[in-house]
Amino acid sequence: MTFRTFFLASWALLAASCQAQEPQDSSRASSWCGELSPDAYRVLREQGTEPRFSGEFWLHDEDGVYVCMSCGARLFDSGTKFKSNSGWPSFFQPAGDTAVDARMDLSHGMRRMEVVCAACDGHLGHVFEDGPPPTGLRYCINSVALDFVPRDSVDILLKKAPK
Ligand SMILES: [Zn+2]
Numbered sequence: 004m005t006f007r008t009f010f011l012a013s014w015a016l017l018a019a020s021c022q023a024q025e026p027q028d029s030s031r032a033s034s035w036c037g038e039l040s041p042d043a044y045r046v047l048r049e050q051g052t053e054p055r056f057s058g059e060f061w062l063h064d065e066d067g068v069y070v071c072m073s074c075g076a077r078l079f080d081s082g083t084k085f086k087s088n089s090g091w092p093s094f095f096q097p098a099g100d101t102a103v104d105a106r107m108d109l110s111h112g113m114r115r116m117e118v119v120c121a122a123c124d125g126h127l128g129h130v131f132e133d134g135p136p137p138t139g140l141r142y143c144i145n146s147v148a149l150d151f152v153p154r155d156s157v158d159i160l161l162k163k164a165p166k
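Right, here's the structure in full:
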């Protein structure tokens with residue numbers, strides 16, 4: 004078997020294993036087959052930012068929990084989500100003290116605090132000090148970095164996930 008044949012065979016196998024869950028809409032990431040969509044990869048792994056008003060969750064107001072699209076860790080609760088008119092999902096606090104990490108980001112000539120998933124280090128967005136009470140913080144998060152778990156499915160789906 005030539006290397007090229009081997010490569011193509013491996014690729015076909017990989018593609019087949021993901022095919023069942025392949026999303027029709029490429030903007031909707033699927034982490035369940037071990038792959039991120041190009042949009043999710045650009046945000047989570049390359050510190051990208053989705054265009055404002057474009058994401059799935061900026062107007063989303065269902066009751067439940069937002070988890071990391073990459074590793075499934077619980078990141079934000081819908082009870083802390085608020086309408087910021089920024090065009091990105093906004094939260095005034097993370098789901099727990101250890102859910103996310105923040106670190107200085109000096110890219111693009113700005114001084115911002117980057118927010119990453121504490122479990123997998125994936126880039127989520129930024130946190131600003133112009134949020135509502137009680138924290139005064141605005142976690143400005145990319146929709147493609149998140150997946151949503153409705154409240155009635157949380158106990159089943161997040162049993163093994165970090166708090
Ligand atoms: Zn993660």
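Sequential numbering of the sequence shown, starting at 4, is according to the working numbering. Ideal Cβ placement from N, Cα and C applies to all residues, glycine included. Bear in mind the structure is a predicted one, so any value in this text is a computation, not a measurement.
Buried or exposed: residue i, going by 16 or more other Cβ atoms within 10 Å of its Cβ?
i      : result
Asn145 : buried
Gln24  : With a pLDDT of 41 at Gln24, under the threshold of 50, the modelled position of this residue cannot be trusted; read the value that follows with caution. Exposed, because fewer than 16 other Cβ atoms sit within 10 Å of the Cβ of Gln24.
Phe79  : buried
Glu49  : exposed
His111 : exposed
Let me check you understand the geometry: is the CB of residue i closer than 7 Å to at least one non-hydrogen atom of ligand 1?
i      : result
Ala122 : yes
Ser73  : yes
Gly134 : no
Ala76  : yes
Looking at the secondary structure, which residues open and close the alpha helix (DSSP H) in which residue i lies?
i      : result
Ala43  : Pro41 to Leu47
Val157 : Val157 to Leu160
For the beta strand (DSSP E) holding residue i, just list the boundary residues, first then last.
i      : result
Asp108 : Val103 to Asp108
Glu117 : Arg115 to Cys120
Would you mind giving the Cβ-Cβ distance between residue i and residue j, rounded to the nearest angstrom? I have them listed as a contact below 8 Å.
i     : j      : result
Gly90 : Arg114 : That belief does not hold up - the Cβ atoms of Gly90 and Arg114 are roughly 21 Å apart, past 8 Å.
Gly58 : Pro92  : 7 Å
From the options, pick the residue whose C-alpha is nearest to that of residue i; which is it?
i     : options                  : result
Glu65 : Val103, Ala121 and Phe85 : Phe85
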